[in-house]
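Step one of this worksheet: look at the structure below.
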Amino acid sequence: MLEYERQAEERAKEQARMEEERQRMSTEQMNIAQEQERIAQEQYEMDQYYEAEALRHAEEMRIHQDEF
1242 MLEYERQAEE RAKEQARMEE ERQRMSTEQM NIAQEQERIA QEQYEMDQYY
1292 EAEALRHAEE MRIHQDEF
């Protein structure tokens, strides 16, 4: 009977370790997803900035050409 108890205890420890690892991996996946979202938002903001700058530059060029 002691052998079965020892094996059951080992299985319980292994299951606890595996659950802890699953939790760690889940947390890591959430962190990665958040970082990807942050990067995507930053890219969007940069795209918006460069588009606005290009439009501003085009308008300045148009005004400059109209002066001549």
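Reading the sequence shown from the start, the letters are residues 1242 to 1309 in this note's numbering.
Every residue gets a Cβ at the ideal spot worked out from N, C-alpha and C, and that includes glycine.
All values reported here derive from a predicted model rather than from experimental measurement.
What number of angstroms, rounded off, separates the C-alpha of residue i from the C-alpha of residue j?
i	j	result
residue 1271	residue 1291	30 Å
residue 1303	residue 1275	42 Å
residue 1273	residue 1279	10 Å
residue 1289	residue 1296	11 Å
residue 1261	residue 1298	55 Å
residue 1255	residue 1282	40 Å
Could you give the DSSP three-state label for residue i: helix, strand or coil?
i	result
residue 1251	helix
residue 1308	coil
residue 1302	helix
residue 1259	helix
residue 1242	coil
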